[in-house]
Amino acid sequence: MTVLITGGAGFIGSNFVLDWLGQSEEPLVNLDKLTYAGNLANLGEVRADPRHIFVHGDIGDAPLARSLLERHRPRAIVNFAAESHVDRSILGPAEFIQTNVVGTFTLLEAARAYWTGLPPAEKGAFRFLHVSTDEVYGSLGRADPAFAETTPYAPNSPYAASKASSDHLVRAYHHTYGLPSLTTNCSNNYGPYQFPEKLIPLVILNALAGKALPVYGDGANVRDWLYVADHCRAVRAVLERGRPGEVYNVGGSSEKRNIEVVREICAVLDELRPRGDAQGPYASLIRFVTDRPGHDRRYAIDAAKIRRELGWAPQESFASGLRRTVQWYLDHADWVQGVQSGDYQRWVDLNYGARKQ
Ligand code: NAD
Ligand code: TYD
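So, in structure tokens, the structure goes:
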């Protein structure tokens with residue numbers, strides 16, 4: 002038995018690989034294009050592990066996808082591969098359409114051809130699990146109920162629209178062809194190996210470098226925060242016990258305003274890596290900067306379905322998950338140095354250079 006995963010050198014995918022191989026003998030084939038967000042250093046622990054077969058390639062490469070399926074004959078595909086950052090999608094949406102829409106479509110076509118040819122018992126057991134986001138549901142007002150699986154799609158950024166589009170294709174492949182697909186829509190993940198373009202690692206690393214901590218707009222936008230290990234457990238639960246054709250929302254039950262998140266990071270750093278009296282507390286680095294265009298106000302997840310049907314619940318509180326995350330970044334200076342070289346500085350200049358304080 003084998004599982005094919007895509008995007009397994011990125012943040013969530015690499016956590017999933019390490020987690021999986023820590024508790025299962027079943028091999029993983031890991032197809033990843035190694036974009037700026039893909040990093041083999043995330044997979045250092047399994048470099049010599051014969052259960053991890055890394056393939057450098059694109060989910061949009063149809064012959065490659067077909068040949069991998071024929072050669073490895075996986076019982077399932079878990080699709081993490083995507084362009085994943087909203088700010089990048091605002092400054093350059095084309096890659097998002099290419100990978101998230103066309104790439105997912107290409108992978109679905111390869112999966113359909115492979116699945117159609119499977120013997121009946123294997124056909125029934127096959128799964129295509131598509132990892133998506135809560136951002137497809139749009140933005141909530143302060144008093145609105147959290148997103149349920151039945152909430153109508155209303156994506157607001159090019160990123161969210163590209164993920165919504167891929168979700169619709171996955172749904173259609175189940176409805177039209179019977180492909181046993183499942184979709185998970187989760188909230189904001191955080192934890193080890195997250196690329197420092199996203200809020201939490203960006204704030205940790207800027208703070209440690211004594212740089213400004215940029216908070217978009219008034220800092221009152223709300224996100225629900227899900228510790229990445231909890232998300233990995235949810236994906237495994239859906240893969241093993243989820244009902245084909247279904248969607249499962251996954252959330253951390255941790256709604257926070259951005260400014261609260263930034264202040265909590267500062268407080269943990271004040272404790273774990275205090276600055277000298279002359280510099281003052283980390284929170285003195287906070288700066289409110291020009292808002293993100295079309296910035297969604299609030300996301301919140303109703304995870305009752307996955308709790309009820311699959312018995313999943315998050316194990317990490319935001320306070321404990323954040324402390325672990327800050328400690329991980331403090332302990333992994335080499336990893337940090339590796340990802341901050343090269344294109345990273347160009348991205349920081351592009352995204353933050355023109356924002357007024
Ligand atoms: P990430 O940007 O850290 O990693 C994406 C990975 O996909 C990278 O390794 C990259 O090299 C690879 N990739 C990109 N294009 C590819 C292509 N065409 N072919 C093969 N590989 C390709 O992303 P992440 O944060 O780990 O997110 C993983 C998935 O989870 C994405 O589908 C994302 O939309 C979804 N998601 C993420 C979050 C979050 O908070 N990070 C929240 C909800 C949903
Ligand atoms: P982000 O980590 O980019 O995730 P997403 O846009 O997918 O929710 O951003 C989380 C929140 O933090 C979002 O409301 C935007 C905000 N944010 C800032 O205030 N400053 C920043 O520098 C970044 C990257 C994000």
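Every number in our numbering is 1 more than the matching position in the sequence shown, counting from 1. Yeah, the Cβ is synthetic: ideal placement off N, Cα and C, and Gly gets one too. As the structure is a computational prediction, the values presented were derived from the model and not from experiment.
In the three-state DSSP reduction, Tyr191 falls in the strand class (E or B).
In the structure shown, His296 falls within a coil segment according to DSSP collapsed to helix, strand and coil.
Assigned with DSSP and collapsed to three states, Asp50 falls in coil, not helix or strand. Straight-line spacing of the CA atoms in His232 and Arg89 works out to 23 Å. Counting C-beta pairs with one atom in each stretch, the stretch 331–344 and the stretch 228–243 have fewer than three that are closer than 8 Å, which means they do not touch. Judged by DSSP in its simplified three-state form, Ser25 adopts coil rather than helix or strand.
Ranking Leu170, Glu136, Leu323, Ala173 by CA distance to the CA of Ala155 puts Glu136 first. Taking 7 Å as the cut-off, one finds at least one heavy atom of ligand 1 near enough to the beta carbon of Ile60. Per the coordinates, the alpha-carbon of Thr100 lies some 22 Å from the alpha-carbon of Leu351.
Nearest C-alpha to Gln341 among Glu27, Pro294, Arg172, Tyr37: Tyr37.
Relative to Phe289, the option among Tyr138, Arg347, Val216 whose CA is nearest is Val216. Across the structure, Pro51 and Gly8 are spaced so that their CA atoms are roughly 19 Å apart.
Taking 8 Å as the cut-off, the Cβ atoms of Arg299 and Gly142 count as close. Excluding sequence positions up to five before and after His296, its CB lies within less than 7 Å of the CB of Tyr217, Gly218, Asn222, all in the same chain and listed in chain order.
Under the three-pair Cβ rule at 8 Å, the stretch 125–139 does not count as touching the stretch 194–201. Between Gly104 and Asp168, the gap from beta carbon to beta carbon reaches 8 Å or more. Restricting attention to Ala66, Asn16, Glu26, the CA atom closest to the CA of Lys34 is found in Ala66. Between the stretch 308–326 and the stretch 159–167, the count of Cβ pairs shorter than 8 Å is below three; the stretches do not touch.
Taking non-hydrogen atoms of ligand 1 into account, the C-beta of Glu84 is found less than 7 Å away from one of them. Short note on Phe12: C-beta closer than 7 Å to some heavy atom of ligand 1.
In this structure, Val229 lies near Ile13, with their beta-carbon atoms less than 8 Å apart. Your pair Val47 and Thr3 does not check out as a contact, with CB atoms roughly 15 Å apart and the cut at 8 Å.
Counting along the chain, Pro121 sits inside no beta strand (DSSP E); it lies in the alpha helix (DSSP H) bounded by residues 121–126. For Pro215, the enclosing beta strand (DSSP E) has its first and last residue at 214–217.
Remark: the shortest separation between the CB of His296 and any heavy atom of ligand 2 falls under 7 Å. Residue pairing by DSSP leaves Thr100 without any beta bridge partner. For Asn40, the three-state secondary structure derived from DSSP is coil. Collapsing the DSSP output to three states places His57 in a strand. Shown here for Ile98: same chain residues with a beta carbon closer than 7 Å to its own, the five before and five after excluded, namely Ser163 in chain order.
With a cut-off of 8 Å on Cβ pairs, the stretch 249–258 is not in contact with the stretch 171–180, counting fewer than three such pairs.
Across the structure, Val18 and Ser140 are spaced so that their CA atoms are roughly 31 Å apart.
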